[in-house]
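Here the working numbering is used: the first residue of the sequence shown is 759, the next is one more, and so on.
For reference, the structure discussed in these notes is given below.
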Amino acid sequence: MTPIELHKKICRMWPNAAATGQGYAELYLRILKNCNPKDIDAAWEKWHRKPPHQYPPKPYEIQKMIFDAQPPKPQPTEIPEPRKYLTEADKKKIQASIGRLEENIKGPRSDFKTPLASALRSLGRTILKVDTEPSERP
Numbered sequence: 759m760t761p762i763e764l765h766k767k768i769c770r771m772w773p774n775a776a777a778t779g780q781g782y783a784e785l786y787l788r789i790l791k792n793c794n795p796k797d798i799d800a801a802w803e804k805w806h807r808k809p810p811h812q813y814p815p816k817p818y819e820i821q822k823m824i825f826d827a828q829p830p831k832p833q834p835t836e837i838p839e840p841r842k843y844l845t846e847a848d849k850k851k852i853q854a855s856i857g858r859l860e861e862n863i864k865g866p867r868s869d870f871k872t873p874l875a876s877a878l879r880s881l882g883r884t885i886l887k888v889d890t891e892p893s894e895r896p
């Protein structure tokens, strides 16, 4: 059931809800527009099984019903802290990538040098100078 279908159902069951100034229409739609229709169905069925109601469910009741009907969300796993330093394996991967790029730039003529190829070489040299372990400072 979509939020609009739910609203129509509520208006049919309680035609005086809007007339009594309870104006739930916009609130229901605002609350439910991002909800999964299956969750709305489950929430409505759960609420509707209760004893007869004189008034439509209030917006916070709808929110609570949908929240209760949703399956529990999985707990996030712990995210490892990002590394601050390059490992030797990282350096080798970077060197290999730069080597492949240089080959693609040079083409078949090995004596061909471009500013891009020289920039890649200097980048490779700079990367290799990066510390692999934190340096001890006095």
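Here a beta-carbon is modelled for each residue, glycine too, at the ideal position from N, C-alpha and C.
Secondary structure of residue i, DSSP reduced to three states
| i | result |
| --- | --- |
| GLY779 | In this predicted model, GLY779 has a pLDDT of only 43, less than 50, meaning its place in the structure is not dependable; the value taken from the coordinates is given anyway. Note: GLY779 maps to coil in three-state DSSP. |
| GLU839 | coil |
| PRO873 | helix |
| LEU859 | helix |
| LEU844 | coil |
| GLN853 | helix |
| ARG895 | Reliability fails at ARG895, whose pLDDT of 48 lies under 50, so the model's placement of it is uncertain and the value that follows must be treated cautiously. Three-state DSSP puts ARG895 in coil, outside helix and strand. |
| LYS831 | coil |
Short CB-CB distance (under 8 Å) between residue i and chain B
| i | result |
| --- | --- |
| ILE856 | In the displayed structure, chain B is absent; only one protein chain is listed. |
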